[in-house]
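For reference, the structure discussed in these notes is given below.
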Amino acid sequence: MEQYRLFDDFSDKVKRAIQLFQMFEDAAVRYHKDGYYLAFSGGKDSVVLYVLAKMAHVKFQAHYHLTTVDPPELVWFIREAFPDVKVEYPELTMWDLIVKKQMPPLRTARYCCEVLKEGGGEGAFTVTGVRWEESRKRANRDFLEIHKKKGAIYLNCDNEEDRRKLEICSLKGKRILNPIIDWTEEDIWYFIRKYQVPYCCLYDQGFCRIGCIGCPLASIRSREREFERYPKYRDAYIRAFDRMVKARTASGKSKGNWKDGESVFRWWMYGNEKTDKQVAGQMELKDFIDMAA
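One gets my numbering by counting positions in the sequence shown from 1 and adding 37 to each.
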């Protein structure tokens, strides 16, 4: 009995996601000629989102923001399995961005996400694969979001009033639809298998998440594993950190304990000393602030 209820619940989630796409399509087309701006990362959530949009028969364009630190397998997968996804190329590579910011990307200062991943979709109705299950921060979000200068409005889209609120909202507000926000990881994989949705091979090779190589949000072990698999990216980070140290010196900023790219890389990975826990240096900016003073 419990198993049947689980499948019924899953079916309801699929239907609701499709209905949400269809409910706001007129608004999406009105805001942009291409319809929905579907944020596509190539991960498991976004491939499900893409297929749901197809099932809903709505007008949309999927966009993938190339960060220059993406796993090669992910880029190949997107090009082969989803050739109609529009690839957005950044104005700056991660390596140039590090030099420009004169600091490594940190847990508490993820300028890389803002510049390389979170842009695009201005004036359009954006669709994302955000899910409540992913983090506490995302638990505060809802199916529909209207972001304005004075704050954000979150709507669960369970009645016509929510739809009218969108209609009367200022066009200057950013509209975000999260059709699978209530889905679990189990739902995602069940959908992928049920509808034979293609997904990146890295999931079958032990990767639980697929994102930027060396992302400071990942654990030490995950990052070590990534750099073992992609040593050229490790070397590229070190070269960028070398240039960063020189840029800091040229601008009169203290180098502190950062003598060269290698020393920056060690600090970036392990903080002031290597531990088996989450990176202390990534959790706080204390070391960096001391050096900037």
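For glycine and all other residues, C-beta sits at the position ideal for the given N, C-alpha and C.
Just so we're clear, the structure is a prediction, and the values are computed from it rather than from any experiment.
Which one of the options has the shortest CA to CA distance from residue i?
i      : options                           : result
Gln233 : Tyr74, Ala118, Lys290 and Asp71   : Ala118
Gly79  : Asp71, Val95 and Lys154           : Lys154
Gly289 : Asp46, Gln139, Tyr126 and Glu263  : Gln139
His100 : Gln242, Arg271, Ala284 and Thr165 : Thr165
Thr105 : Glu128, Leu89 and Lys123          : Glu128
Gln2   : Trp132, Arg67 and Leu86           : Shown here, the chain extends from 38 to 330; a query on residue 2 therefore has no answer.
Thr130 : Trp113, Thr145, Arg116 and Asp107 : Asp107
Arg266 : Lys96, Asp71, Glu110 and Asp49    : Glu110
Asp279 : Tyr307, Ile247, Glu170 and Trp132 : Trp132
Glu159 : Trp226, Phe58 and Gly72           : Gly72
Tyr336 : Gln98, Gly308 and Asn294          : Given that the chain is displayed from residue 38 to residue 330, the structure contains no residue 336 and the question cannot be resolved.
Val122 : Arg144, Ala146, Ser83 and Glu151  : Ser83
Give the DSSP bridge partners of residue i, in chain order.
i      : result
Thr163 : Tyr74 and Ile213
Phe97  : Tyr73
Val124 : Tyr101
Leu143 : Ala146
For residue i, count neighbouring C-beta atoms within 10 Å of its own C-beta (all shown protein chains included) and say buried if the count is 16 or more, exposed if not.
i      : result
Glu299 : exposed
Ala161 : buried
Cys238 : exposed
Met281 : buried
Cys249 : buried
His102 : buried
Ala220 : Correcting the residue identity first, residue 220 is Trp in this sequence and not Ala. With 16 or more Cβ atoms within 10 Å of its Cβ, Trp220 is classed as buried.
Cys149 : buried
Ala287 : exposed
Lys81  : buried
Asp224 : buried
Val51  : buried
Ala54  : buried
Trp113 : exposed
Arg212 : buried
Glu263 : buried
Tell me where the alpha helix (DSSP H) around residue i begins and ends.
i      : result
Glu223 : Glu222 to Lys231
Asp272 : Pro268 to Ala287
Gly298 : Gly298 to Tyr307
Lys138 : Met131 to Lys138
Pro109 : Pro109 to Ala118
Asp63  : Glu62 to Tyr68
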